[in-house]
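Only one structure is covered here, and it is reproduced in the block below.
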Amino acid sequence: MDEQKEKLSDQELVRQEKMAKLKAKGIDLFPYVFLKTHSVDEIIAQFGSKSREELETEKIKVKVPGRIMTIRRMGRATFFHIANSQSRLQAYIRQDVVGPEAYEIFDLYDIGDIVGLEGTLFRTKTGELTVLVENFKLLAKCFHPLPEKWHGLQDVELRYRRRYLDLIMNPEVAQIFLLRSKMIALMRKFFDERGYIEVETPMMHPIPGGAAARPFKTFHNALGLELYLRIAPELYLKRLVIGGIEKVYEINRNFRNEGISSEHNPEFTMLEFYQAYSDYYDMLDLTEELLVYLCENLLGRDELTYGDQIISFRRPFRRIKFREALLQYSGLSPSRFDRPEEIISFARNFSPEKEAITYGKALDIVFDKCVKPHLIQPTFVLNPPREISPLAKASRDNPEEAERFELIIAGMEIANAFTELNDPADQLARFEQQLEARKKGDEEAHWLDLDYIQALEYGLPPTGGEGIGIDRLTMIFTNRRSIREVILFPLLRPK
RNA sequence: GGCCCGUUAGCUCAACUGGUAGAGCAGCGGACUCUUAAUCCGCGGGUUGGAGGUUCGAGUCCUCCACGGGUCACCA
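Residue numbering for the first sequence is 1007 to 1501, as defined by our numbering.
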């Protein structure tokens, strides 16, 4: 205890003394209730446009809680601001209104304290909507000084480790997460209106499936069972389509035991949806519709700024075949393109450490390195090689290609959709191919899931399915370059 | 994991080729009843991320470690 006390800063000691003084005056530092009539942002919304005269005649009484963000003491009168995550409201406390004893108590309040104010709204000389405080109550004492009022909290590490401080000090951060929440609500509305059922499928899988990724492992004691945090919900959602839920979606977390970067967090949020009696062309239309809907409703426009780019969400989005995209951006001649050894050695230049590069993998690497960074406007890349798409049906036009597209925006993969592979024999063959790759050291290869094959044997209708990365999409809509800016608590090493 | 950059007061940042660690905000004391980056006067606050080393002398140079950022590698 004493050791901890020694670590307190001078300002924290001052606050402790103030707390002791408040207690001595019989004031509860952490009371149970404050019956508010309005929140700060409700006051701004409801009364923000009222004129000085209207406020004078209406004498609007409010009880409003908030956190003290600034204090300007001027002898026997004090101006201060209280805030919630949305808005700020000025308050004015005068000794001749609240009395000398109360005014002295207010002297013990600090920036950061949470208070409840009771008073009348008015407008100051300079026109700012303000509460004239008649009564006030401490609702929670703040032990620590808050960061600086002009610059807010800048230290990126502290912002992530103490997100609450980030939210208190940097209103634009609260806006990011507000938008994220609105976006997810709009997605639900979009799919609900189209007759989709929202479901929750397991987060713990005996066999991790539905994506090429390394899983996190865990253990169930009572069952003595090794389990994996899911890398994708795909195989479960398709089991539901087999079960007759013809339109189904899930918005939830996936976990992938891989590197962390500005575009990768080990846990991330995916929207996945499946629609029976559809194919990837239907998914493509639906995706355009969804993104246009989101952009319009979130930003009220059909374009947005991302970094130094303008990104347009006007239909139709650009479409390009995987092969054509490679030819256009990689600089490879068509003759080289068709010779697997050439592509594999070309890909090795980018990925010298990678072993077991196959033709399909090599094409994928070249796509990632040469093509993706150039696709800024929303672009559907269609028909990648079948070999790297083991859950997608082969193209009806070319058996070496898959009925699949990825949507790239700002160089980031945002969505991935297929005409779902529903032939159990074909699926089994693909899994076996993946198993071979796994044996050759490809730790990300898909696992063989015989239970899923059995489900397919009961008949999966022709189905289109898609996954959309919610975090990355939020990055686009909020103009953030790092995924950590759109995840409230990104994974960091414990300090 | 490789490479580069960063870590200085509660916060935001200074400190030139190694020479007494500073400012603003915040805090404390005083003045002040329409301020809003309030103003005015005064004051306190530091194991410079940690551990070693070089040097008469290290925030600054070297080594190692920790954490973060960027980038490459890995990867939906």
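Glycine included, every Cβ here is placed at the ideal spot set by N, Cα and C.
With DSSP run on the structure shown, which of helix, strand or coil describes residue i?
i	result
GLY1417	coil
LYS1011	For LYS1011, the pLDDT reaches just 41, beneath the cut-off of 50, and the residue's location in the model is therefore unreliable, although a value from the coordinates is still provided. Looking at LYS1011 - three-state DSSP - the assignment turns out to be helix.
ASN1428	coil
GLY1475	strand
PHE1279	strand
MET1210	strand
PRO1071	strand
ARG1236	coil
TYR1255	strand
PHE1495	coil
SER1336	helix
LYS1029	helix
ILE1459	helix
HIS1380	helix
SER1267	strand
THR1130	coil
THR1364	coil
ALA1398	strand
LEU1388	strand
PHE1040	coil
Could you check the C-alpha separation between residue i and residue j for me, to the nearest Å?
i	j	result
HIS1211	ALA1423	22 Å
PRO1322	GLY1471	20 Å
PHE1583	GLU1295	Residue 1583 falls outside the range modelled here, since the chain spans only 1007 to 1501, and no answer is possible.
PHE1356	LEU1369	12 Å
VAL1298	LYS1445	43 Å
GLY1201	LEU1479	23 Å
ARG1129	LEU1114	26 Å
MET1007	LEU1019	Per-residue confidence for MET1007 stands at a pLDDT of 32, beneath the threshold of 50, marking its modelled position as unreliable; the derived number appears in the next sentence. One C-alpha to the other measures close to 14 Å.
ALA1146	ILE1213	48 Å
LEU1388	ASP1344	18 Å
ARG1409	VAL1372	According to the sequence shown, residue 1409 is Glu rather than Arg. Answer to the nearest angstrom: the Cα atoms are 20 Å apart.
GLU1009	GLU1124	Bear in mind that the predicted position of GLU1009 carries a pLDDT of just 38, short of 50, making it too unreliable to give a figure here.
SER1267	LEU1497	11 Å
LYS1501	ARG1490	17 Å
ASP1119	HIS1087	11 Å
LYS1013	ARG1082	35 Å
Just curious, the alpha helix (DSSP H) that residue i is in, first and last residue?
i	result
ARG1058	1058-1064
GLU1110	1106-1112
LEU1290	1286-1305
ILE1117	No alpha helix (DSSP H) holds ILE1117; DSSP gives it neither H nor E.
LYS1516	Because residue 1516 is not part of the residues shown, which for the chain are 1007 to 1501, the question remains open.
I'd like to confirm the pairing. Which residues does DSSP put opposite residue i in its beta bridges?
i	result
PHE1086	ILE1077 and ALA1097
VAL1139	GLY1125
THR1469	ALA1282
GLU1273	PHE1261
Along the chain, where does the beta strand (DSSP E) containing residue i start, and where does it finish?
i	result
GLN1160	Unbroken run through GLN1160: none, as it is neither H nor E.
SER1351	No beta strand (DSSP E) holds SER1351; the alpha helix (DSSP H) holding it covers 1346-1356.
LYS1147	Per DSSP, LYS1147 belongs to no beta strand (DSSP E) and is neither H nor E.
GLN1324	The sequence as given places Arg at residue 1324; Gln does not occur at that position. That run of the beta strand (DSSP E) goes 1324-1327.
LEU1152	Run containing LEU1152: none; DSSP gives neither H nor E here.
TYR1312	1309-1312
GLN1315	1315-1318
PHE962	The question about residue 962 has no answer here: the residues shown for the chain are numbered 1007 through 1501.
Should the region 1303-1315 be called in touch with the region 1219-1238, which here means at least 3 C-beta pairs below 8 Å? no
Taking 8 Å as the cut-off, does the region 1251-1264 touch the region 1230-1240 (at least 3 CB pairs, one atom from each stretch)? yes
Meets three-Cβ-pair contact criterion under 8 Å: the region 1368-1387 and the region 1310-1329: yes
Is there contact between the region 1451-1458 and the region 1409-1423, where contact requires at least three CB pairs shorter than 8 Å? Two segments are said to touch when three or more pairs of C-beta atoms, one from each, lie closer than 8 Å; by this definition the region 1451-1458 does not touch the region 1409-1423.
Check whether the region 1392-1412 touches the region 1432-1441, taking contact to mean three or more Cβ pairs, one atom from each stretch, closer than 8 Å. For the pair of segments examined, the region 1392-1412 was found to touch the region 1432-1441: the number of CB pairs separated by less than 8 Å reaches three.
Counting pairs of Cβ atoms below 8 Å between the region 1282-1292 and the region 1468-1484, do you hit three or more? With a cut-off of 8 Å on Cβ pairs, the region 1282-1292 is in contact with the region 1468-1484, counting three or more such pairs.
Decide yes or no for the touch test of the region 1067-1079 against the region 1033-1050: beta carbon pairs closer than 8 Å, at least 3 of them. yes
Below 8 Å, can you find three or more Cβ-Cβ pairs linking the region 1329-1348 to the region 1211-1220? no
Are the region 1022-1032 and the region 1099-1116 in contact at 8 Å, needing three or more beta carbon pairs? Yes, the region 1022-1032 touches the region 1099-1116.
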